[in-house]
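K.L.:
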Amino acid sequence: MLIKKSFWVFVFTSIIVLSTFALTLRPSEKKEQPENDAILKLQKYIDDEEIKILVNRMREADENRAKDDDYKLNYQQRTTPHEEDDLAPLPLFSWVNEQLLNRSTYRAYLDLVPLFHPEVSIDEDWNAEEKKKIDAFLDEIMHTKVFNLMWEFLLKKKLVPEDKFKFKSLLFTQWFGLYTRSHGHLGSSGFEHVFIGEWRKHIVEGQHYWLRFYSLEKQRYINYKGWLFHDKNVAATIHYDWGSHHKEIGGFLIGSSPEFDFSLFTLCFNAKRGQNACKVLIDEFPIHVTSFKVEHKPFIGTSYPVLI
Numbered sequence: 001m002l003i004k005k006s007f008w009v010f011v012f013t014s015i016i017v018l019s020t021f022a023l024t025l026r027p028s029e030k031k032e033q034p035e036n037d038a039i040l041k042l043q044k045y046i047d048d049e050e051i052k053i054l055v056n057r058m059r060e061a062d063e064n065r066a067k068d069d070d071y072k073l074n075y076q077q078r079t080t081p082h083e084e085d086d087l088a089p090l091p092l093f094s095w096v097n098e099q100l101l102n103r104s105t106y107r108a109y110l111d112l113v114p115l116f117h118p119e120v121s122i123d124e125d126w127n128a129e130e131k132k133k134i135d136a137f138l139d140e141i142m143h144t145k146v147f148n149l150m151w152e153f154l155l156k157k158k159l160v161p162e163d164k165f166k167f168k169s170l171l172f173t174q175w176f177g178l179y180t181r182s183h184g185h186l187g188s189s190g191f192e193h194v195f196i197g198e199w200r201k202h203i204v205e206g207q208h209y210w211l212r213f214y215s216l217e218k219q220r221y222i223n224y225k226g227w228l229f230h231d232k233n234v235a236a237t238i239h240y241d242w243g244s245h246h247k248e249i250g251g252f253l254i255g256s257s258p259e260f261d262f263s264l265f266t267l268c269f270n271a272k273r274g275q276n277a278c279k280v281l282i283d284e285f286p287i288h289v290t291s292f293k294v295e296h297k298p299f300i301g302t303s304y305p306v307l308i
């Protein structure tokens with residue numbers, strides 16, 4: 001039986017995209033904790049099915065996530081990571097119900113955005129008022145059902161402190177502890193990398209939250225250039241420019257609340273760290289979350305969803 005040429009073109013393109021995706025992580029982001037780390041040993045005994053069941057419960061409990069009629073997407077044409085032409089002349093987000101942004105966890109997230117400069121060579125230095133905003137964000141997140149489902153699971157597995165204040169301190173360290181990605185400058189953190197996005201030379205690094213992408217796109221700072229993969233309205237892997245900085249392969253969940261993404265990535269970092277190690281189902285779509293720590297530090301280096 002003859003197979004159409006277009007099929008082989010699609011297969012070949014998919015292989016290139018997947019191969020490129022595997023190469024996009026910098027070597028420094030691929031290094032995990034040493035194998036004798038006690039937490040890493042405990043993670044090996046956590047069953048994938050447990051994670052899937054938990055994340056499904058978290059998804060159901062995500063009261064603040066956008067509903068299907070709260071936003072409209074326009075994927076346009078499929079592209080490849082190295083395609084220079086813009087195959088998507090229109091924005092990815094045609095419309096978003098911005099009433100969502102009035103909810104407390106969204107407001108707390110948006111209050112943090114001005115605290116960060118995406119250029120990794122610029123040191124981050126927060127004053128007392130700015131640290132209060134980080135503290136307020138953590139408080140809002142920690143009051144949600146989604147977060148507490150995740151925390152109860154990590155407690156049961158003895159992966160985090162039982163004391164809530166100690167756990168909050170751990171979250172601050174993991175997500176907001178400053179480290180360098182550029183010649184000793186303390187210009188990066190896990191939160192900035194994942195939820196804000198960073199610039200290194202002409203490359204966009206991180207930026208794995210849909211609301212950040214939407215906000216930048218609405219202000220015309222981001223030029224969406226086409227999609228690589230997408231699971232309808234659940235998640236997408238895309239190609240775009242942020243000003244003069246390029247993102248060959250970028251991905252995020254779509255419409256999820258700040259507490260869901262924060263809790264999901266915290267879960268995967270603490271319970272199933274590694275390349276494609278955290279296997280979940282979101283609305284029946286298989287997604288693997290990749291998480292890595294900064295070498296010899298307790299900080300989150302990256303955490304992001306991979307479409308399967």
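Each step along the sequence shown adds one to the number in full-length UniProt numbering, with nothing skipped, and position 189 is 189.
Every residue gets a Cβ at the ideal spot worked out from N, C-alpha and C, and that includes glycine.
Out of curiosity, what's the CA-to-CA distance linking E98 and A61?
P.N.:
Approximately 21 Å, taken between the alpha carbons.
K.L.:
List the endpoints of the continuous alpha helix (DSSP H) containing W175.
P.N.:
Segment K164 to F176, the alpha helix (DSSP H) holding W175.
K.L.:
Looking only at its own chain, which residues have a Cβ that is under 8 Å from the Cβ of I122, when we skip the five neighbours before and after it?
P.N.:
Cβ neighbours of I122 beyond the five flanking positions: H185 and G187.
K.L.:
Which residue's Cα is closest to the Cα of I287: A235, G274 and F269?
P.N.:
I287 has its Cα closest to that of A235, out of A235, G274 and F269.
K.L.:
Of all the options G226, W175, A88 and L110, which has the alpha carbon lying nearest to the alpha carbon of L264?
P.N.:
The shortest Cα separation from L264 among G226, W175, A88 and L110 belongs to W175.
K.L.:
Report the rounded CA-to-CA distance for P298 versus F172, giving the unit in angstroms.
P.N.:
Whole-angstrom Cα-Cα distance: 11 Å.
K.L.:
Kindly indicate which three-state DSSP category V234 falls into: helix, strand or coil?
P.N.:
Looking at V234 - three-state DSSP - the assignment turns out to be coil, as it is neither helix nor strand.
K.L.:
Let me check understanding here. Comparing Cα to Cα, which of T180, K157, R103 and F137 lies closest to P118?
P.N.:
The shortest Cα separation from P118 among T180, K157, R103 and F137 belongs to T180.
K.L.:
Tell me whether L87 sits in a helix, a strand or coil according to DSSP, three-state version.
P.N.:
If DSSP states are grouped into helix, strand and coil, L87 belongs with coil.
K.L.:
Could you check whether the segment 148-168 touches the segment 246-256, counting it as contact only if at least three pairs of C-beta atoms, one from each stretch, sit closer than 8 Å?
P.N.:
With a cut-off of 8 Å, the segment 246-256 and the segment 148-168 do not count as touching, because too few Cβ pairs lie within range.
K.L.:
Tell me, which residues are paired with H185 by DSSP?
P.N.:
S182, per the DSSP bridge assignment.
K.L.:
So the candidates are D48, G274, L42 and K44; which of them puts its Cα closest to the Cα of V280?
P.N.:
Ranking the options by Cα distance to V280, first place goes to D48.
K.L.:
In the structure shown, what three-state DSSP assignment does P298 receive?
P.N.:
Correct three-state label for P298: coil.
K.L.:
Can you check which of these residues, W227, F213, R78 and K157, is closest to L54 by C-alpha distance?
P.N.:
Nearest option by C-alpha distance: K157.
K.L.:
Here's a check: name, in chain order, each residue in its chain whose Cβ is nearer than 7 Å to the Cβ of R103, leaving out the five neighbours to either side.
P.N.:
Closer than 7 Å at the Cβ level, and outside the excluded window around R103, lie N64.
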